[in-house]
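Enquirer: Chains as they are written, first to last, in my numbering: chain S, 132 to 266; chain Z, 1173 to 1568. Positions of the beta carbon are idealized from the N, C-alpha and C atoms, including for glycine. Predicted, not measured: the structure shown is a model, and the values here were computed from it.
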Amino acid sequence: MRLYGWFLLMIFSLHAVAVDVVVNRGVPGTSLAQASARALFGMRLTKWPDGRPVQIFVLPDGHPVHAAMCKEQLNIYPYQLRQAWDRLVYSGLAQAPIEVSTEEEMISRVATTPGALGYVRKVKPNDPVKVFYVE
Amino acid sequence: MLNRVALFLACALALSTAEAIELGDGVQAHGFLSQSLVYTSGNRVGGNSDDGLAIDMREIGGNLSWRPNADWLLSGQVLARWAGESDGGDLRLDYGFIDRTLLADGDTSVGLRLGKIKNPYGFYNTTRDVAHTRPGIIMPQSIYMDRARNFWLAAPGVSLYGNHENPGGNLSWQVSALQPEVDDPDLTYFMTGKNFGRFAGEHSWLGQAMLETVGGRWRAGLSLGQMAMQYRPGAGDDLEPGDTRLPTWVLSVEHNMEFWSLTAEYGQTKVLSRNYGATPHAISIEQDNTTEAWYVQATRRMGNGWQGFLRYDVFYFDKKDRDGTSFAASSAYTLPARMRFAKDWSFGVRRDVGRWAWSGEWHHVDGTAWLSPTDTPTRASVRKWDLLLLQGAWYF
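1) Taking a cut of 8 angstroms between CB atoms, which residues from the segment 1518-1533 of chain Z lie near chain S?
2) If the cut-off is 8 angstroms on Cβ atoms, which residues from the segment 206-230 of chain S count as contacting chain Z, listed in chain order?
3) With burial defined as no fewer than 16 other Cβ atoms inside 10 Å of the residue's Cβ, what is the status of Tyr-210 (chain S): buried or exposed?
4) Give the C-beta separation of Phe-1513 (chain Z) and Met-1399 (chain Z) to the nearest angstrom, bearing in mind that I take them to be a contact with Cβ-Cβ under 8 angstroms.
5) What is the rounded straight-line gap between the Cα of Asp-1355 (chain Z) and the Cα of Ala-1372 (chain Z)?
6) Could you tell me the distance, in whole angstroms, from the CA atom of Tyr-1448 (chain Z) to the CA atom of Met-1363 (chain Z)?
7) Mark Gly-1414 (chain Z) as exposed unless 16 or more other C-beta atoms lie within 10 angstroms of its C-beta, in which case mark it buried.
8) What residues from the segment 158-178 of chain S come within 8 angstroms of chain Z, judged by C-beta to C-beta, listed N to C?
9) Counting only Cβ-Cβ distances shorter than 8 angstroms, please list the residues of the segment 227-255 of chain S near chain Z, keeping chain order.
10) Any beta carbon of chain S sitting closer than 9 angstroms to that of Glu-1430 (chain Z)?
11) What in chain S is Cβ-close to Asn-1335 (chain Z), meaning under 8 angstroms?
12) Spatial neighbours of Gly-1406 (chain Z) within its chain, please: C-beta separation below 6 angstroms, excluding the five flanking residues on both sides.
13) Please report the distance separating the alpha-carbon of Ser-144 (chain S) from that of Glu-266 (chain S).
14) Assuming Gly-1439 (chain Z) and Thr-1420 (chain Z) make a contact with CB atoms under 8 angstroms, what is their CB distance in whole Å?
15) Which value, in whole angstroms, describes the spacing of the CA atoms of Thr-1273 (chain Z) and Thr-1280 (chain Z)?
16) Chain Z beta carbons: is any one of them nearer than 9 angstroms to that of Arg-277 (chain S)?
17) Please compile the residues from chain S whose C-beta is within a distance smaller than 7 angstroms of the C-beta of Glu-1194 (chain Z).
18) Applying the 10 Å Cβ sphere with the 16-neighbour rule, what's the burial state of Met-1429 (chain Z)?
19) Are Asn-1297 (chain Z) and Ser-1348 (chain Z) closer than 9 angstroms when you measure CB to CB?
20) Mind the definition here: the segment 1525-1532 of chain Z touches the segment 1456-1475 of chain Z only if three or more C-beta pairs lie below 8 angstroms; say whether that holds.
21) Compare the C-alpha of Ser-1433 (chain Z) against each of S:Arg-175, S:Tyr-208, S:Lys-202 and S:Ser-167 and name the closest.
22) Taking the C-alpha atoms as reference points, what is the distance between Gly-1256 (chain Z) and Lys-261 (chain S)?
23) Alpha carbon to alpha carbon, how far is Ser-1331 (chain Z) from Trp-1345 (chain Z)?
24) Indicate whether at least one CB of chain S lies closer than 9 angstroms to the CB of Ser-1281 (chain Z).
25) If we count the other Cβ atoms within 10 Å of its Cβ and call it buried at 16 or more, is Asn-1335 (chain Z) buried or exposed?
26) Using a cut-off of 9 angstroms between C-beta atoms, extract the partners of Ser-1208 (chain Z) located in chain S.
27) I'd like to know whether the C-beta atoms of Lys-1515 (chain Z) and Tyr-1484 (chain Z) end up nearer to each other than 9 angstroms.
28) Under three-state DSSP, which class holds Pro-1413 (chain Z)?
29) Going by DSSP in three states, Asp-1538 (chain Z) sits in which element: helix, strand or coil?
30) Threshold first: 4 residues or longer. Then list the alpha helix (DSSP H) segments lying entirely within the segment 191-215 of chain S, N to C.
31) To which residues of the same chain is Val-152 (chain S) closer than 6 angstroms at the C-beta, ignoring the five residues directly before and after it?
32) Quick one: give me the first and last residue of the beta strand (DSSP E) that Pro-184 (chain S) is part of.
33) Along the chain, where does the alpha helix (DSSP H) that runs through Ile-1315 (chain Z) open and close?
34) Under a Cβ-count criterion, where at least 16 other Cβ atoms within 10 Å of its own Cβ denotes burial, should Ala-149 (chain S) be classed as buried or exposed?
35) Out of Z:Asp-1318, Z:Thr-1385, Z:His-1427 and Z:Asp-1301, point me to the one whose CA is closest to Asn-1338 (chain Z)'s CA.
36) Distance cutoff 9 angstroms, beta carbons only. Does Phe-1204 (chain Z) sit that close to anything in chain S?
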């Protein structure tokens, strides 16, 4: 019985994604390779595969959903993302992601910005954004 | 003087709630500033630090970037830096260039930059004047020596770059053809031991390749290049218009864990000088030597915005004469051996609160190789000395 419980827990943990990566509904596709997601959030990649520009939205560094997204979806520590942005932004090689302060603002900015990519804890059924699966 | 510092900090505080400014239509603005307090037990860093607390170390800068579409980027940054006698706060263009993406094919991108570009040299050179991006209040001086900063700082040129993503990590690279901006009294001192003439940059090149494993757990890079310059003698100079080439390389390795980062960099630079004339001074300059520089640093993140580091940083002007004794014995001006090396133990703490970074660090240094003679005249220097730095830095 206990073993069964552990097994369930393991299955649950493997599939438990506390954070949804979301995109503007105009972005084609349904999923993203993790390497591409890291490159996009790391501001190293500025285009979607169809050539359209990407606009990244993030929550503040200390936000729990930001930390969860970094670890669960990108497999990176938040401090590494901050260091990578600073290296690019203060040497002029790339622009910074746009920081929003709440998840509500994240949903509304992603919904209204073409090519937008962001994340929230859990998308609600009538949120006007599309969930992307990071593989 | 104190009034100026107070005004500077008051402006900073007034701005302290700002975030990166989006100006619409793909335009962004960012800025940063820092103010440091310096105390030394002997020798001078950043002003009169041996008589008490020096308050003349500060930086302020701002940048604008415009991305009109996914393929073009225009970026520029200006900054002013105060650091003792060697940097007096003149506003300068830190970088300003145009960037064109030539190829963006899924996970591979290649592009071209044209203009004044920050030189990729080791992990930290490109943002060395932005306090919160440094691995401490001052850079590890072996690799990023402030006396010689203009060799590597930024230069007009053209640069081809690329980035390749794959499931195992990513590779980024850059190759630049450039003309270093070496007209700087500190650099003239550094190269000739005097300050009569000046240097002018010649055609040079610099490349860097950086490999990262998944999520940047391991980062490893090689920076490789050759800087070239010509000497323009000044009035009363005993040197002729010589040429100097500096072939150089730096190997950089970093391991990032949740609470720890371990960083090490090792580099060598050959100093090859010709045609400086036949005086004893010229002959001493034309003696080829290879510098050796390395440091190891452990950084520990402790939560709640706190972090601390321990670093050991070593520089030798001549790897075949590490203690400087041959140099001192043969020097045309009876210069001391201690100016040919520096071994620096340092530890520091930092607390990040929002967009502020508050830091303190202590150095115990054996040797004076990276001291600027414009601040500390060589013969007045002491071999073993301590350095205490405190800094407040803010950025948006």
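Expert: According to the data block:
1) Within the segment 1518-1533 of chain Z, no residue has its Cβ closer than 8 angstroms to any Cβ of chain S.
2) Listed by position, the residues of the segment 206-230 of chain S near chain Z (Cβ gap below 8 angstroms) are Asn-206, Ile-207, Tyr-208, Tyr-210, Gln-211, Gln-214, Ala-215, Asp-217, Arg-218, Val-220, Tyr-221, Ser-222, Gly-223, Leu-224, Ala-225, Gln-226, Ala-227, Ile-229 and Glu-230.
3) With 16 or more other Cβ atoms within 10 Å, it is buried.
4) Incorrect: roughly 22 angstroms between the Cβ atoms, too far for contact.
5) So the two alpha carbons sit approximately 6 angstroms from each other.
6) Met-1363 (chain Z) has its alpha-carbon roughly 12 angstroms from the corresponding atom of Tyr-1448 (chain Z).
7) With 16 or more Cβ atoms within 10 Å of its Cβ, Gly-1414 (chain Z) is classed as buried.
8) When CB distances to chain Z are screened at a threshold of 8 angstroms, the residues of the segment 158-178 of chain S falling below it are Ala-164, Gln-165, Ala-166, Ser-167, Arg-169, Ala-170, Arg-175, Leu-176, Thr-177 and Lys-178, in chain order.
9) Among the residues of the segment 227-255 of chain S, those with a Cβ less than 8 angstroms away from any Cβ of chain Z are Ala-227, Ile-229 and Glu-230, in the order of the chain.
10) At least one CB of chain S lies nearer than 9 angstroms to the CB of Glu-1430 (chain Z).
11) Simply Ala-170, Arg-175 and Leu-176.
12) Same-chain partners within the cutoff: Phe-1368 and Gly-1369.
13) Because Ser-144 (chain S) sits at a pLDDT of 47, beneath the cut-off of 50, its placement in the model cannot be relied upon, and the following sentence gives the value as read from the coordinates. Near 16 angstroms, if we compare the C-alpha coordinates of Glu-266 (chain S) and Ser-144 (chain S).
14) For Gly-1439 (chain Z) against Thr-1420 (chain Z), the beta-carbon gap comes to about 7 angstroms, under 8 angstroms, which counts as contact.
15) The straight-line gap from Cα to Cα measures roughly 11 angstroms.
16) Nothing about residue 277 (chain S) can be read from this structure; chain S reaches only from 132 to 266.
17) Annotation: Cβ neighbours of Glu-1194 (chain Z) in chain S (cutoff 7 angstroms, chain order): Ile-229.
18) Per the 10 Å Cβ criterion, exposed.
19) In this structure, Asn-1297 (chain Z) lies away from Ser-1348 (chain Z), with their beta-carbon atoms at least 9 angstroms apart.
20) The segment 1525-1532 of chain Z is not in contact with the segment 1456-1475 of chain Z.
21) Per the Cα distances, S:Tyr-208.
22) So the alpha carbons of these two residues sit roughly 55 angstroms apart.
23) A direct Cα-to-Cα measurement between Ser-1331 (chain Z) and Trp-1345 (chain Z) gives close to 10 angstroms.
24) With 9 angstroms as the cut-off, Ser-1281 (chain Z) counts as an interface residue toward chain S.
25) Taking all protein chains shown into account, Asn-1335 (chain Z) has 16 or more neighbouring C-beta atoms within 10 Å of its C-beta and is therefore buried.
26) Neighbours of Ser-1208 (chain Z) on chain S: none; closest Cβ ~18 angstroms, over 9 angstroms.
27) The Cβ atoms of Lys-1515 (chain Z) and Tyr-1484 (chain Z) lie closer than 9 angstroms to each other.
28) Correct three-state label for Pro-1413 (chain Z): coil.
29) Strand at Asp-1538 (chain Z).
30) Counting whole runs of 4 or more residues, the segment 191-215 of chain S contains the alpha helix (DSSP H) stretches 195-200.
31) The residues are Gln-204, Tyr-250, Phe-263 and Val-265.
32) Counting along the chain, Pro-184 (chain S) falls outside any beta strand (DSSP E), and DSSP gives it neither H nor E.
33) For Ile-1315 (chain Z), no alpha helix (DSSP H) segment is defined, and its DSSP state is neither H nor E.
34) Under a 10 Å Cβ-count criterion, Ala-149 (chain S) is classified as exposed, with fewer than 16 other Cβ atoms of the shown protein chains found around its own Cβ.
35) Here the closest residue by C-alpha is Z:Thr-1385.
36) Judged by the 9 angstroms Cβ criterion, Phe-1204 (chain Z) is in contact with chain S.
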